[in-house]
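The structure appears below as structure tokens.
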Amino acid sequence: MRLTPRDTKYFDLLAALAQHLVRGSSLLAELLGADRAGREKLAEEMHEVEHLADEATHSIMRRLNQTFVTPFDREDISGLASALDDCMDEMDEAADLIVLYKVEGLPDRVSDQVQVLQRCAELTADAMPRLRSMDKLADYWVEVNRLENQADKLHRKLIAQLFDDLASDPVQLMKLKEIVEVLENAADSFEKVANMVETIALKES
Amino acid sequence: MRLTPRDTKYFDLLAALAQHLVRGSSLLAELLGADRAGREKLAEEMHEVEHLADEATHSIMRRLNQTFVTPFDREDISGLASALDDCMDEMDEAADLIVLYKVEGLPDRVSDQVQVLQRCAELTADAMPRLRSMDKLADYWVEVNRLENQADKLHRKLIAQLFDDLASDPVQLMKLKEIVEVLENAADSFEKVANMVETIALKES
Amino acid sequence: MRLTPRDTKYFDLLAALAQHLVRGSSLLAELLGADRAGREKLAEEMHEVEHLADEATHSIMRRLNQTFVTPFDREDISGLASALDDCMDEMDEAADLIVLYKVEGLPDRVSDQVQVLQRCAELTADAMPRLRSMDKLADYWVEVNRLENQADKLHRKLIAQLFDDLASDPVQLMKLKEIVEVLENAADSFEKVANMVETIALKES
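Protein chains in written order, with numbering that gives the first Met the number 0: chain A, 0 to 204; chain B, 0 to 204; chain C, 0 to 204.
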């Protein structure tokens, strides 16, 4: 059905974008354990990575506007790119809030949340190059869905814990609740990426 | 103009999806009046209904990816399905928060909010089968717009009341404010569904 | 390539919509300096302007559904219209919250935020008619991006200041934080409009 050579550069571009998420999630993990000065430095680095992801997303969008034949639906590629970018934005926002709110005493479960994000980022970066051959992608989306489920349970426990522990410190409660929710949004965004990959794979099969 | 038989199964699928909203909104009403144990059980049931709505939405999306000729624009059908799914998600989230936050002393106006949602859900479920013939849909969208307006006024009064009543209990204020806002989002989502139906009806007329 | 006359009325409609944003942003500036009664009156006026913007957006959408040949991609026009409408909605929401929360003692930096919005609205309203000829649009989107950057820095300083100043008044903190965030969302929405214009200009060049 396809008579013209397809522009397969998209697979490389999406894979490169996903690599930024791996870097971002590990910066976030590092930041949790750092002192205030260390956190500021790491949030700066995070912001640079976020900028690179942004550039990568834009270059995918620009290419889409100039290419006639894409390896799969145009809107699927742009959807994937912007969903990956959302993951990055949310991790960047979490780093940012931790610094801005000068947060101390993050509960251990926040590290668990970030570990889930790291795992999601790695799985996503591994899966992107496999879009080329649509190979073994089901393992990826099943596992990310499982992780998001785990993140969701963790999130609920964390929120309940915050309300219990910080009933007498509403300002600290506000800060931690917001950070925990942004991390949960990031996990949701990784799931959205996985669901998009599933949809693409079903269409192509 | 249309030479191929159109796949009219979509009307049934959208109607079935909307029926889940009717069930969800009445579970939510029931949950408000229940004690803690009752609430947990009802929130579980709500979550099952949310899951069914999710499945229904996915099966509409899958079908769209496999059908060549749809009864109206492909993106209108997918837009409607995901807007209906949003209504469900927000009602589910409200139920969830009431349980998670172990909320006591919900103001009466919260029941009024939920009653508006019940009415919206019933009107929406009634309207979906009428998409087939584009029959008497105007009554539906006019009434849902009126109800959303009423919900909005109620919401504003509730927020003002919360800030007045709970000035000395910021943690309780945070909890109730979030619940009241999620319920308002649900009313907004029902209005979005109605506005989409209006757009479709105008295009088809 | 284009054999049919294109419907260029869209440029006028988008320009008219953007003019409502200029009016809205200056009402918002006025509202900050008013007393309680004045604020209520101005929030009413704001709401009327928001209603006009809403009507303008709907009439663009209706026209899109009836026109076969548009000056550029159908979804670019609808995207622009709804992004402009988002700017209005957020400014309206800010006005609304200031009245609803009976806010006193807004920090000076809030006025700085609103000044940035006024400048964004003027630049946007100036740029819309130039879409017709794609003339000198780069100046516009570069400047709005610069302003949004400035707004973002201001926003971060404001949030830090609120947490410092209001550590012992969590309810006031909640109110001001929400208002400041809605204003930041409005600045983001102006940037989104500018980015869309950039994308359109690149496609057309």
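Each residue gets a CB set at the ideal place from its N, CA and C atoms; glycine is no exception.
All values reported here derive from a predicted model rather than from experimental measurement.
query                                                                                                                         : result
Within 7 Å of chain B by C-beta, residues of the region 152-164 of chain A in sequence order                                  : Arg155, Ile158, Ala159 and Phe162
For Ile76(C) and Leu63(C), believed in contact at Cβ under 8 Å, the rounded distance                                          : 6 Å
Buried versus exposed, by CB contacts within 10 Å (16 or more), Leu201(A)                                                     : exposed
Under the three-state DSSP convention, the category Gly78(B) falls into                                                       : helix
Members of the region 93-115 of chain C that neighbour chain B once the beta carbon cut-off is set at 7 Å                     : Leu99 and Tyr100
7 Å Cβ shell around Met60(A) - same chain, five flanking residues per side excluded                                           : Ser77 and Ala80
Neighbourhood of Glu49(A) by C-beta distance below 6 Å, restricted to the same chain and skipping five residues each side     : Met87 and Asp91
Met90(C) (DSSP reduced to helix, strand or coil)                                                                              : helix
Sub-8 Å separation of Asn144(C) and Ala193(C) beta-carbons                                                                    : yes
For Lys8(B), the first and last residue of its enclosing alpha helix (DSSP H)                                                 : Lys8 to Gly32
Residue span of the alpha helix (DSSP H) that contains Gly37(A), given as start and end                                       : Arg35 to Gln65
Limits of the alpha helix (DSSP H) - the one that Lys176(B) falls within                                                      : Pro169 to Glu203
Span of the alpha helix (DSSP H) around Tyr100(C)                                                                             : No alpha helix (DSSP H) holds Tyr100(C); DSSP gives it neither H nor E.
Cβ-based neighbour list, Ala33(B), same chain, cut-off 7 Å, excluding 5 preceding and 5 following                             : Leu41
Whole-number beta carbon distance between Leu136(B) and Val196(B), since they are thought to touch under 8 Å                  : 6 Å
Through-space distance from Cys119(C) to Val21(B), alpha-carbon basis                                                         : 44 Å
Under 8 Å between C-beta atoms of Ala205(A) and Met127(A)                                                                     : An answer regarding residue 205(A) cannot be provided, because it is not within the stretch 0 to 204 covered by chain A.
Cut-off 7 Å between Cβ atoms - residues of its own chain near Leu122(A), not counting five sequence neighbours on either side : Tyr139, Glu142 and Val143
Below-8 Å beta-carbon distance, Val170(C) vs any chain B residue                                                              : yes
Cross-chain neighbours of Ala166(A) in chain B, by beta carbon under 8 Å                                                      : Val170
CB-CB length for Arg108(C) against Leu51(C), believed under 8 Å                                                               : That belief does not hold up - the Cβ atoms of Arg108(C) and Leu51(C) are roughly 30 Å apart, past 8 Å.
Chain A contacts from the region 54-68 of chain B (Cβ-Cβ distance under 8 Å)                                                  : Met60, Arg61 and Asn64
Chain B contact for Leu201(A) (CB, 8 Å cutoff)                                                                                : yes
Cα-Cα separation between Tyr9(C) and Met45(A), rounded to whole angstroms                                                     : 41 Å
Of the listed residues Phe189(A), Val113(A) and Leu12(A), nearest to Ala55(A) (C-alpha basis)                                 : Leu12(A)
Integer-rounded CB distance, given that Ala82(A) should sit under 8 Å from Ser188(A)                                          : 6 Å
Simplified DSSP state of Ala166(B), which is helix, strand or coil                                                            : coil
Pairwise C-alpha distance: Arg73(C) and Asp125(B)                                                                             : 32 Å
Whole-Å CB distance - Phe71(C) paired with Ile199(C), under 8 Å assumed                                                       : 6 Å
Through-space distance from Lys191(A) to Gln112(C), alpha-carbon basis                                                        : 33 Å
Local conformation of Ser132(A) per DSSP, three classes                                                                       : coil
Residue environment, Asp163(B), which counts as buried when at least 16 other CB atoms sit within 10 Å                        : exposed
Coarse secondary structure for Val141(A), derived from DSSP in three states                                                   : helix
For Asp95(A), the three-state DSSP class (helix, strand or coil)                                                              : helix
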